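Participant: My questions will all concern the structure given below.
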Amino acid sequence: MDILIIGMVRGALYSLIAVGFVLVFSVGGILNLAHGTFYMLGAYFTFIFYSLVFNSPGGVLLLSSVLLAAASVSALACLVYYLLLKRKIDSHIYTMVMTLALALFVSEVMSLLFGVSGTSVPSLVEGHLSISGIKIINQQLIILPIAALILPGLWMFLKKTRTGQSIDAVSQQRTGALLMGINVERATLITSGLSAGLAALAGALIAPVSSVVPEMWLFPLIKAFAIAILGGMGSLTGSIIASFVLGYAEILTSFLIDEQLTEMISLVVIVFVLIFKPSGIMGYKQG
Amino acid sequence: MGATAKIFSFPLSRQSPVGLLVLLALGIFPLVSGNILYVEILILAVLYAIFAMSWDILTGYTHEVNFGFAFFIGGAGYLSGVLNSLFFFPPLMAIPLAALTAGMIGLLIGYLTLRLKGPYFAMVTLAFAGILYKLAFILYKITGGEEGISGLKSLTAGPVTDFYLIWTVTVGVYFLLIFYSRSKHGIILKAIRADEDVAQSSGINTAYYKIEAFAISGFLAGIGGGLYAHAQMHIGPTMLSGTISVLVVLLAMIGGMGTIVGPLLGAIFLSALNEILRAVEAYRIVIYTGLLIVFIYLAPEGFVNLPFVKRNPRAKRFLLGKEEYHEPSGSEKHF
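Those protein sequence lines, which keep their order, are chains A and B.
For reference, each letter of the first sequence is one residue, going 698 to 984 in our numbering.
For reference, each letter of the second sequence is one residue, going 121 to 455 in our numbering.
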């Protein structure tokens, strides 16, 4: 039972992170190595807004800091895309190296500003729930309804609204979308912001239950990789399924075998899926 | 140095003057300045030059980004460290053995992964390096976990002789790679970079050449990693971490990929910059990484590949040497 719930929480968290990663890859062709950084910044900005800007306790203020953090990170991501990435969007090497350099830079800035030992953020919801004798912290559970709200919302946005449809079109066929008069630049910009916002939200939500440290960008990034590859690059449904698969796989390993091995799983998944089935669960073969 | 060039029957006059000058200057430096601290810094700079140059032979020439170069560097470093500390191999035996193993594993991994292209290849190399990094902690009985293996036998008696040994290897690696890149094999790698499908349909076994380049770069990185372990007399998980992989990519990229000279210059220049920034130690890494972003922004293809250099035949001759044609960025869309 505890495996079921913790795995679900973890899967939901991963899906929030990975969906944006996959979206940016399929729309912009950007392998965004700064994705984990946006996740980290989500947590840090929540701390900055709550403890330094508002500087008074209160649930509403905390909630608004979370939202403000997500919004400002997504604005930042738009800025990064506009200033640094847009000019050489065709070059995989350039975008990868640039985002990676950015990730290192931000992580160093954060350790300079707030120290390597990290900071902490109070919980949005206190207490814990006991389910058949197992305690689960409420802050972790809150991720479930949020993911359940956001993921279908994202789906609706992509399929029903005009902007969303244009993003979807660009991800299917960039040149085709361009020829149909879709503003590809704008679609990519919106996607960058959206994906960073989702990652930041995940970071902000997980901040109270994990320590906010400058190195926290690395693991979400590797997991987003693993999920994107397992689900198939460019497939949103695939990535959501893969998030839960990975979440459960990790929980099962840590419960049944050894906790040390959990972080290996995503790496091993990357290697094996890429070697034996590079298109992933739901991916289509890249032309 | 002249002798090295003659072995490959390769006229010195065609070499890049800047590359030769830098190598020569590095070689003279310890004779002029007796400061051991500077020599230690140069040892690191030269080692990074080995890493960056051997990374370049695969990625610079085929544009398949190897983001897990620490796999070879740290892997060979650990292997040579284990051979030395557990089996008491002398460094001069342990390093080549470790490097050969790295080359072999490179062959195997290359065979498995080089079918993948672009970001997929980058990710799988990253994952391989990550697995090795985790293993260094899990197999702590052999690898010493977080602390790594210390007390390795040093290369030679003192830092200056250490430096000259490593410097000789660097010069050797430099000429070997220049020779390789200008040979038929290097030209084929460039053809793959321009358009792999066309190269394939011209009857070239592109997979073979890519795997070969991958194995060579792994072997040379292995030599560098082994030298690093023994020069520092210590090997720890940092040499397997993503930071090392990223650093090598940045050094080579900022210097100028696909030129061999570029990564050499990039590694030396950026190592020097890193030391200069020690004047403001508290902000050093922030300024350093910030400057890296600025450099990549200003010269996305590296400093020796700037448009200014390409337009100006003299500058090109000076930086890159004769017979070194680097195609413009038009080919980049394809990978």
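All C-beta atoms, glycine included, are put in the ideal place defined by N, C-alpha and C.
Nothing here was measured: the structure is a model prediction, and the numbers come from that model.
Quick one, are the C-beta atoms of ILE924 of chain A and SER940 of chain A less than 8 Å apart?
Facilitator: Here the question's residue 924 of chain A lines up with position 227 in the first sequence. Here the question's residue 940 of chain A lines up with position 243 in the first sequence. Taking 8 Å as the Cβ cut-off, ILE924 of chain A and SER940 of chain A qualify as a contacting pair.
Participant: DSSP has GLY354 of chain B in a bridge; who is on the other side?
Facilitator: Translated into the one-based positions of the second sequence, residue 354 of chain B becomes position 234. Per the sequence shown, residue 354 of chain B should be read as His rather than Gly. DSSP, once it has assigned bridges, lists B:SER270 as partnering HIS354 of chain B.
Participant: Distance check for ASP176 of chain B and LEU232 of chain B, CA to CA, integer angstroms please.
Facilitator: In the second sequence, the residue the question calls residue 232 of chain B occupies position 112. In the second sequence, the residue the question calls residue 176 of chain B occupies position 56. Using only the alpha carbons, I get a separation of about 20 Å.
Participant: Does the beta-carbon distance from LEU146 of chain B to GLY188 of chain B come in below 8 Å?
Facilitator: The sequence position of residue 146 of chain B within the second sequence is 26, counting from 1. The sequence position of residue 188 of chain B within the second sequence is 68, counting from 1. In terms of Cβ geometry, LEU146 of chain B and GLY188 of chain B do not form a close pair [threshold 8 Å].
Participant: Mind checking ARG784 of chain A: buried by the 16 CB within 10 Å criterion, or exposed?
Facilitator: Counting from one through the first sequence, the residue named residue 784 of chain A turns up at place 87. When all chains shown are included, ARG784 of chain A counts as exposed.
Participant: Do the region 396-413 of chain B and the region 166-184 of chain B make contact, defined as three or more Cβ pairs closer than 8 Å?
Facilitator: no
Participant: For ALA335 of chain B, collect the residues of the same chain with a Cβ closer than 7 Å to its Cβ; drop the 5 residues on either side in sequence, then sort them by chain order.
Facilitator: Taking the first residue of the second sequence as 1, we reach residue 335 of chain B at position 215. Cβ neighbours of ALA335 of chain B beyond the five flanking positions: GLY223, GLY226, LEU227 and GLY230.
Participant: With a threshold of 6 Å on Cβ separation, who are the neighbours of GLY717 of chain A within its own chain once the five nearest residues in sequence on each side are excluded?
Facilitator: Mapped onto the first sequence, residue 717 of chain A falls at position 20. The residues are SER892, LEU895 and ALA896.
Participant: Between the beta-carbon of LEU720 of chain A and the beta-carbon of LEU933 of chain A, is there less than 8 Å?
Facilitator: Translated into the one-based positions of the first sequence, residue 720 of chain A becomes position 23. Translated into the one-based positions of the first sequence, residue 933 of chain A becomes position 236. It is a contact, given that the beta carbons lie within the stated cut-off.
Participant: Which residue's Cα is closest to the Cα of LEU758 of chain A: A:LEU949, A:VAL818 and A:GLU956?
Facilitator: Along the first sequence, one-based indexing puts residue 758 of chain A at 61. Closest in C-alpha terms to LEU758 of chain A, from the list A:LEU949, A:VAL818 and A:GLU956, comes A:VAL818.
Participant: How should THR326 of chain B be labelled, buried or exposed, when 16 other C-beta atoms within 10 angstroms of its C-beta is the threshold for buried?
Facilitator: Translated into positions along the second sequence, residue 326 of chain B becomes position 206. It is buried - the Cβ of THR326 of chain B has at least 16 other Cβ atoms within 10 Å.
Participant: Is PHE208 of chain B buried or exposed, if buried means 16 or more other CB atoms sit within 10 Å of its CB?
Facilitator: Residue 208 of chain B sits at position 88 when you count from the first residue of the second sequence. Exposed: under 16 other Cβ atoms inside 10 Å.
Participant: Tell me GLY816 of chain A's beta-bridge partners as DSSP assigns them.
Facilitator: By 1-based counting over the first sequence, the position of residue 816 of chain A is 119. The amino acid occupying residue 816 of chain A in the given sequence is Thr; Gly does not appear at that position. DSSP, once it has assigned bridges, lists A:VAL909 as partnering THR816 of chain A.
Participant: In whole angstroms, what is the alpha-carbon distance linking LEU236 of chain B and LYS330 of chain B?
Facilitator: Translated into positions along the second sequence, residue 236 of chain B becomes position 116. Translated into positions along the second sequence, residue 330 of chain B becomes position 210. Their backbone Cα atoms lie some 11 Å apart in a straight line.
Participant: Please report how far the alpha carbon of PHE428 of chain B lies from the alpha carbon of GLU421 of chain B, in whole angstroms.
Facilitator: Position 308 of the second sequence, counting from 1, holds the residue named residue 428 of chain B. Position 301 of the second sequence, counting from 1, holds the residue named residue 421 of chain B. Each residue's alpha carbon lies about 12 Å from the other.
Participant: How long is the line joining the alpha carbons of VAL906 of chain A and VAL965 of chain A, rounded to whole angstroms?
Facilitator: Translated into positions along the first sequence, residue 906 of chain A becomes position 209. Translated into positions along the first sequence, residue 965 of chain A becomes position 268. Cα-Cα distance, rounded: 27 Å.
Participant: Let me see if you follow: with CB-CB separation under 8 Å, is MET795 of chain A close to chain B or not?
Facilitator: By one-based count along the first sequence, residue 795 of chain A stands at place 98. Output row for MET795 of chain A: interface = yes.
Participant: Give the residues of chain B in contact with ALA798 of chain A, contact being defined as C-beta atoms less than 7 Å apart.
Facilitator: Counting from 1 along the first sequence, the entry for residue 798 of chain A is found at position 101. Under the 7 Å cutoff, chain B gives LEU370, THR409, LEU412, ILE413 and ILE416.
Participant: Measuring alpha carbon to alpha carbon, tell me which residue in B:GLY180, B:ARG398 and B:GLY271 is nearest ASN425 of chain B.
Facilitator: Taking the first residue of the second sequence as position 1, residue 425 of chain B is located at position 305. Out of B:GLY180, B:ARG398 and B:GLY271, B:GLY180 has the C-alpha closest to the C-alpha of ASN425 of chain B.
Participant: Would the region 267-274 of chain B and the region 349-364 of chain B be scored as touching if the rule is three or more Cβ pairs under 8 Å?
Facilitator: At 8 Å Cβ cutoff, the stretches touch.
Participant: Could you tell me whether the Cβ of LEU971 of chain A comes closer than 8 Å to any Cβ of chain B?
Facilitator: Sequence index remark: in the first sequence, residue 971 of chain A carries index 274 (1-based). Cβ-Cβ to chain B under 8 Å: yes for LEU971 of chain A.
Participant: LEU855 of chain A and ASP865 of chain A: beta carbons closer than 8 Å?
Facilitator: Here residue 855 of chain A corresponds to residue number 158 of the first sequence, with the count starting at 1. Here residue 865 of chain A corresponds to residue number 168 of the first sequence, with the count starting at 1. Contact: yes.
Participant: Does chain A have any CB closer than 8 Å to the CB of ALA387 of chain B?
Facilitator: The residue labelled residue 387 of chain B in the question sits at position 267 within the second sequence. No, ALA387 of chain B lies away from the interface with chain A (no Cβ there is under 8 Å from its Cβ).
Participant: With 8 Å as the C-beta to C-beta threshold (strictly closer), list the residues of the region 936-961 of chain A near chain B in chain order.
Facilitator: GLN957, LEU958, GLU960 and MET961
Participant: Beta-carbon of LEU232 of chain B versus every beta-carbon of chain A: anything under 8 Å?
Facilitator: Mapped onto the second sequence, residue 232 of chain B falls at position 112. Interface residue, yes.
Participant: Can you name the residues of chain B whose CB is closer than 8 Å to the CB of PHE802 of chain A?
Facilitator: Taking the first residue of the first sequence as position 1, residue 802 of chain A is located at position 105. In chain order: VAL406, THR409, GLY410, LEU412 and ILE413.
Participant: Suppose only complete runs of 3+ residues qualify. What are the beta strand (DSSP E) ranges in the region 906-973 of chain A, listed by chain order?
Facilitator: none
Participant: Which bits of chain A does LYS254 of chain B rub up against, with CB to CB less than 9 Å?
Facilitator: Here residue 254 of chain B corresponds to residue number 134 of the second sequence, with the count starting at 1. Listed along chain A, the residues sitting closer than 9 Å to LYS254 of chain B by beta-carbon distance are GLN957, LEU958, GLU960, MET961 and LEU964.
Participant: Is ALA392 of chain B buried or exposed, if buried means 16 or more other CB atoms sit within 10 Å of its CB?
Facilitator: Walking along the second sequence from the start, residue 392 of chain B turns up at place 272. The residue is exposed, with fewer than 16 neighbouring Cβ atoms inside 10 Å.
Participant: Just to confirm, is the Cβ distance from VAL770 of chain A to LEU730 of chain A under 8 Å?
Facilitator: Residue 770 of chain A sits at position 73 when you count from the first residue of the first sequence. Residue 730 of chain A sits at position 33 when you count from the first residue of the first sequence. Cβ distance not < 8 Å, so VAL770 of chain A and LEU730 of chain A don't count as in contact.
Participant: Is ILE954 of chain A buried or exposed, if buried means 16 or more other CB atoms sit within 10 Å of its CB?
Facilitator: To locate residue 954 of chain A, count along the first sequence from 1; it is residue 257. Flag for ILE954 of chain A reads exposed.
Participant: Give a yes or no on contact between the region 775-792 of chain A and the region 904-919 of chain A, applying the rule of three or more CB pairs nearer than 8 Å.
Facilitator: no
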